[in-house]
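Working notes, structure below.
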Amino acid sequence: MDILQQLKQLEDSSRPLIIAIDGCSGAGKTTLATYIEQQLPNVTIISTEDFIVPLAQQEDTVDAALDWRRLKEQVILPLAKKKAAKYWRYDPTEPTMQQWLHIAPQGIIVIEGSFSTCLALAPYYDLKIWVETPILERYKRLVEKDGEEMKAYWQDYLPKEVYYIQTYLPHRYADVVFVGMQQQEEVEDV
Numbered sequence: 002m003d004i005l006q007q008l009k010q011l012e013d014s015s016r017p018l019i020i021a022i023d024g025c026s027g028a029g030k031t032t033l034a035t036y037i038e039q040q041l042p043n044v045t046i047i048s049t050e051d052f053i054v055p056l057a058q059q060e061d062t063v064d065a066a067l068d069w070r071r072l073k074e075q076v077i078l079p080l081a082k083k084k085a086a087k088y089w090r091y092d093p094t095e096p097t098m099q100q101w102l103h104i105a106p107q108g109i110i111v112i113e114g115s116f117s118t119c120l121a122l123a124p125y126y127d128l129k130i131w132v133e134t135p136i137l138e139r140y141k142r143l144v145e146k147d148g149e150e151m152k153a154y155w156q157d158y159l160p161k162e163v164y165y166i167q168t169y170l171p172h173r174y175a176d177v178v179f180v181g182m183q184q185q186e187e188v189e190d191v
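In the working numbering, the protein residues as written are 2 to 191.
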């Protein structure tokens, strides 16, 4: 069964369907979320990038970059209770673009981004998706997207994501695993 069929089967008009798409930087999470949004009606995407802890406040581990408590309290819990969510969108690259966002408790809510299925949030999702892409492919995508001036950053950061994977094993407790942009069972059938 493909992901669109799974989502249609899980969707319940009496409450929002809350899913997470996790994976390392450059894996294809945003591409998958956008695909779902384009193919199905009433899809709202919320990026974990809106919940990034300012660099000066981050601890040394890569998973400390996500303010999962704020994501849980302002977005996931209200939506799970069929209530509207309201959160402050934080963008460290655009200080003038900060704003309150309001999310209606309806349709499919996609929480997209690295660390979105961390253990503190995982129990609240109806479906957890992991996107697995080899590190060299991810590095290539990120440099193409962000430019040559970000190469050193990505060379330093990408290996740190291994900590998250090895410590929390998000791919093991995902309901669906994509390899690149194919669901795992489709890849194994080839």
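Cβ atoms here follow ideal geometry from the backbone N, Cα and C, with glycine treated the same way.
What span of residues does the beta strand (DSSP E) with residue i cover, start to end?
i    : result
K146 : Where K146 is concerned, there is no enclosing beta strand (DSSP E), although the alpha helix (DSSP H) it sits in stretches over 136-147.
T45  : 44-48
I104 : 100-104
L5   : Counting along the chain, L5 falls outside any beta strand (DSSP E), though it belongs to the alpha helix (DSSP H) covering 4-11.
L128 : 128-133
E113 : 109-113
F179 : 177-180
Count the other CB atoms within 10 Å of the CB of residue i; is the residue buried (16 or more) or exposed (fewer)?
i    : result
G49  : Here residue 49 turns out to be Thr, not Gly, going by the sequence shown. Its Cβ being crowded by 16 or more others within 10 Å, T49 is buried.
P171 : buried
A66  : buried
D190 : Interpretation of D190 is limited by its pLDDT of 34, a score under 50 that renders its predicted location unreliable; the figure taken from the coordinates is listed afterwards. So D190 ends up on the exposed side.
E133 : buried
L78  : exposed
S15  : exposed
D51  : buried
K30  : buried
W101 : exposed
Y165 : buried
Relative to the C-alpha of residue i, which residue among the options is closest?
i    : options              : result
P124 : D176, D3, L8, Q39    : D176
K73  : L122, S15, Y91       : L122
A105 : Y126, A81, R90       : A81
E12  : V54, Y126, Q99, E150 : Y126
Q156 : I136, Q167, Y174     : I136
If you follow the alpha helix (DSSP H) that residue i is in, where does it begin and where does it stop?
i    : result
D23  : Counting along the chain, D23 falls outside any alpha helix (DSSP H), though it belongs to the beta strand (DSSP E) covering 18-24.
R90  : From DSSP, R90 is part of no alpha helix (DSSP H) but of the beta strand (DSSP E) over 86-90.
V163 : 152-169
E38  : 30-40
R173 : Note, R173: premise wrong, no alpha helix (DSSP H); not H, not E.
A121 : Note, A121: premise wrong, no alpha helix (DSSP H); not H, not E.
L80  : 78-81
Taking CB distances under 7 Å as the criterion, tell me whether residue i reaches chain B.
i    : result
L170 : Absence of chain B from the displayed structure is noted, only one protein chain being present.
Enumerate in chain order the residues of its own chain whose CB-to-CB distance from residue i is below 8 Å, with the five nearest sequence positions on each side excluded.
i    : result
L8   : L18, I20, I37, L41, I109, L128
R139 : C25, S26, G27, A28, L159
L5   : I37, Q40, L41
V54  : A65, A66, L67, D68
E162 : C25, S26, V63, S115
Ignore the nearest five residues each way along the sequence and tell me which others in residue i's own chain have a CB closer than 6 Å to its CB.
i    : result
C119 : W69
A34  : I22, I46, V111, E113
V188 : With a pLDDT of only 37 at V188, under 50, the local geometry of the prediction cannot be trusted, and the value read off the model is given with reservation. Excluding residues within five positions, the ones whose Cβ falls inside 6 Å are V180.
Going by beta carbon distance, what residues of the same chain come within less than 7 Å of residue i, once the five residues before and after it are set aside?
i    : result
V44  : I37, E38, G108, I109, V111
L76  : The sequence given here places Val at residue 76; Leu does not occur at that position. Answer for V76: I47, A86, Y88, I104, listed in chain order.
K152 : V144
(Q) Is it the case that the segment 110-125 contacts the segment 20-38, given that we only count it when at least three CB pairs across the two stretches are under 8 Å? (A) yes
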